[in-house]
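K.L.:
The number in the working numbering is simply the position in the sequence shown, starting from 1, with 518 added.
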Amino acid sequence: MQCTFCKSHAFYRREHEGVSLCKRCFTKSIENKVRKTISEYEMFDYKDIIAVAISGGKDSLTLLSILNRLKMRFPLSKLIAITIDEGIYGYREEAISLAKSLTESLGIEHKLFSFKDLFQVTLDEFLKKQNELAPCSYCGVLRRRALEIAGRSVGANKIVTGHNLDDEVQTMLLNILHGGVDRLMRSSPVLADPDGRFIQRVKPLCYLYEREIALYAYVTGLKFQHIPCPHGSRALRGEIRDILNSLEDKHPSLKYTAFSSKMKLSHIIANHKVQLNSCRICGEWTSGDMCEVCRVLLENREIRCLIREA
Ligand code: SF4
Ligand SMILES: [Zn+2]
Ligand SMILES: [Zn+2]
Numbered sequence: 519m520q521c522t523f524c525k526s527h528a529f530y531r532r533e534h535e536g537v538s539l540c541k542r543c544f545t546k547s548i549e550n551k552v553r554k555t556i557s558e559y560e561m562f563d564y565k566d567i568i569a570v571a572i573s574g575g576k577d578s579l580t581l582l583s584i585l586n587r588l589k590m591r592f593p594l595s596k597l598i599a600i601t602i603d604e605g606i607y608g609y610r611e612e613a614i615s616l617a618k619s620l621t622e623s624l625g626i627e628h629k630l631f632s633f634k635d636l637f638q639v640t641l642d643e644f645l646k647k648q649n650e651l652a653p654c655s656y657c658g659v660l661r662r663r664a665l666e667i668a669g670r671s672v673g674a675n676k677i678v679t680g681h682n683l684d685d686e687v688q689t690m691l692l693n694i695l696h697g698g699v700d701r702l703m704r705s706s707p708v709l710a711d712p713d714g715r716f717i718q719r720v721k722p723l724c725y726l727y728e729r730e731i732a733l734y735a736y737v738t739g740l741k742f743q744h745i746p747c748p749h750g751s752r753a754l755r756g757e758i759r760d761i762l763n764s765l766e767d768k769h770p771s772l773k774y775t776a777f778s779s780k781m782k783l784s785h786i787i788a789n790h791k792v793q794l795n796s797c798r799i800c801g802e803w804t805s806g807d808m809c810e811v812c813r814v815l816l817e818n819r820e821i822r823c824l825i826r827e828a
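(1) For ligand 1, which residues count as neighbours when the test is a C-beta closer than 7 Å to any heavy atom?
(2) Do you know offhand how far L733's Cα is from K541's?
(3) By how many angstroms is the C-alpha of A710 removed from the C-alpha of L585?
(4) Is E666 near ligand 3, with its Cβ less than 7 Å from a heavy atom?
(5) Quick one: what's got a C-beta closer than 6 Å to A569's C-beta in the same chain, skipping five residues either side?
(6) Which residue marks the beginning of the beta strand (DSSP E) containing F631, and which one marks its end?
(7) So, helix, strand or coil for E820, using DSSP?
(8) Verify the contact flag: L539, CB atom, against every heavy atom of ligand 2, threshold strictly below 7 Å.
(9) Report all residues from its chain with a CB closer than 7 Å to the CB of F742; omit the five preceding and five following residues, and keep chain order.
(10) Hey, how far is the Cα of R826 from the Cα of T679?
(11) Under a three-way DSSP split, which group does I572 fall into?
(12) Take C747 and list the residues in its own chain whose beta-carbon comes closer than 8 Å to its own, dropping the five residues that flank it on each side.
(13) Would the beta-carbon of T804 fall within 8 Å of that of L815?
(14) Let me check understanding here. Comparing Cα to Cα, which of L588, G739, C521 lies closest to L620?
(15) What residues match up with S796 in a beta bridge as DSSP calls it?
(16) For a test of your reading of the model: does the CB of V814 fall under 7 Å from any non-hydrogen atom of ligand 3? Yes or no.
(17) State buried or exposed for H527, treating a residue as buried only when at least 16 other CB atoms are found within 10 Å of its CB.
(18) Using beta carbons (cut-off 8 Å, strictly below), is Q743 in contact with chain D?
(19) For I600, which of helix, strand or coil comes out of DSSP?
(20) Identify every run of the beta strand (DSSP E) within the region 652–723, keeping only runs that are complete inside it and at least 3 residues long; order them along the chain.
(21) For the beta strand (DSSP E) containing V537, list its first residue and its last residue.
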């Protein structure tokens, strides 16, 4: 098999574009896609302080590595890596050490924030004390808040996450299945709050297939965590991932089509402005009178919401 572009030996067939790629053209194409997404959505400015959320998995480490390469185009901007330690025994430790070694090798400042410090409880402790079967929902609510606090603490005006195309389409289906259609507007590639209450979130990898990110990480020699989170197997997301992968095998580019439908839907929904209030417990912004973080923490009898920013 020949590379469609340079005619050397191809190692990968990209079915959804009908091209074959050698390693060099493949890595170049991934970096170009990220560059194109950044410029199409005007994700960065020259003087941005960019907090890159890295977990130690393939997506976030690929993200950091590509942003570090692209940083030459934004010489006055600053990259700071932030990692949230949820407190998942036997899982997060390895991820943190991989995140540390990449940031050290790239010379990027790296800050660690933990659920234990921010919420006085690790995710493991929290899950032991409640009977619901949705660890990822709790984890997601707490992690979003942790990222916001971490971003503010390092003085960032952008928080960048490694969400990929698969994540985006899975989240869209999960939101529809769980009746959370209004959440679709929270998941665009650039999520800005016109009133400046939240740090802007951006997702430069949102047009990349998960499997291509994994391949990029292998080809470029990135060391990332392979073992899955022990709580992830209980998540509906895993079943949706399998269904989407099997559909994509039969109908290449189906995930792109689904993503573009999601973008159209989120534009329609975004026109409905949501009234935000101050949470009566912690003071953070929320659409009700109590934010989701305080709700999940207070639902647990033994935990009080003590979240206050330093
Ligand atoms: S799989 Fe679920 S519980 Fe584990 S880190 Fe991800 S969101 Fe959190
Ligand atoms: Zn080539
Ligand atoms: Zn609150």
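Glycine included, each C-beta is placed from N, C-alpha and C at the ideal position.
P.N.:
Taking the definition as stated:
(1) E604, I606, L641, P653, C654, C657, G658, R661, C747, H749, G750, A753
(2) Along the sequence shown, read from residue 1 onward, the residue named residue 733 stands at position 215. Along the sequence shown, read from residue 1 onward, the residue named residue 541 stands at position 23. Cα to Cα, the separation comes out at about 10 Å.
(3) Position 67 of the sequence shown, counted from the start, is the residue given in the question as residue 585. Position 192 of the sequence shown, counted from the start, is the residue given in the question as residue 710. One C-alpha to the other measures close to 20 Å.
(4) Residue numbering aside, residue 666 sits at position 148 when the sequence shown is read from its first letter. No; taking the cut-off as 7 Å, the Cβ of E666 has no heavy atom of ligand 3 nearer than that.
(5) For the purposes of this step, residue 569 is taken as residue 51 along the sequence shown, with counting starting at 1. Correct list, in chain order: I598, I600, G669, V672, A674, I677.
(6) For the purposes of this step, residue 631 is taken as the residue at position 113 of the sequence shown. That run of the beta strand (DSSP E) goes 627–632.
(7) Here residue 820 refers to the residue found at position 302 when the sequence shown is read from its first residue. Residue confidence for E820 is low, a pLDDT of 49 falling below 50, so the modelled location carries little weight; the figure read from the coordinates is stated next. If DSSP states are grouped into helix, strand and coil, E820 belongs with coil.
(8) Along the sequence shown, one-based indexing puts residue 539 at 21. Because some heavy atom of ligand 2 lies under 7 Å away, the Cβ of L539 counts as near it: yes.
(9) On the sequence shown, residue 742 is found 224 positions in, with the first residue counted as 1. Excluding sequence neighbours, F742 sits near G574, G575, K576, L579, L616, A735.
(10) Taking the sequence shown and counting its residues from 1, one reaches residue 826 at position 308. Taking the sequence shown and counting its residues from 1, one reaches residue 679 at position 161. In this predicted model, R826 has a pLDDT of only 45, less than 50, meaning its place in the structure is not dependable enough to derive any value.
(11) One-based indexing of the sequence shown puts residue 572 at position 54. Coil at I572, not helix or strand.
(12) Locating residue 747 in the sequence shown gives position 229, counting from the first residue. Cβ within range, chain order: I606, Y609.
(13) For the purposes of this step, residue 804 is taken as the residue at position 286 of the sequence shown. For the purposes of this step, residue 815 is taken as the residue at position 297 of the sequence shown. Their beta carbons are not under 8 Å apart, which means T804 does not touch L815 by this criterion.
(14) Counting from 1 along the sequence shown, the entry for residue 620 is found at position 102. Minimum Cα distance to L620 is reached at G739.
(15) Position 278 of the sequence shown, counted from the first residue, corresponds to residue 796. In DSSP, S796 forms a bridge with W803.
(16) To locate residue 814, count along the sequence shown from 1; it is residue 296. No, since every heavy atom of ligand 3 falls outside the 7 Å radius drawn around the Cβ of V814.
(17) Numbered from its first residue, the sequence shown carries residue 527 at position 9. Its Cβ having fewer than 16 others within 10 Å, H527 is exposed.
(18) Here there is only one protein chain, and chain D is not present.
(19) As a first step, residue 600 must be located in the sequence shown, where it is residue number 82. I600 falls in the strand class under three-state DSSP.
(20) 676–678, 718–720
(21) Indexing the sequence shown from 1 puts residue 537 at position 19. Its beta strand (DSSP E) spans residues 537–539.
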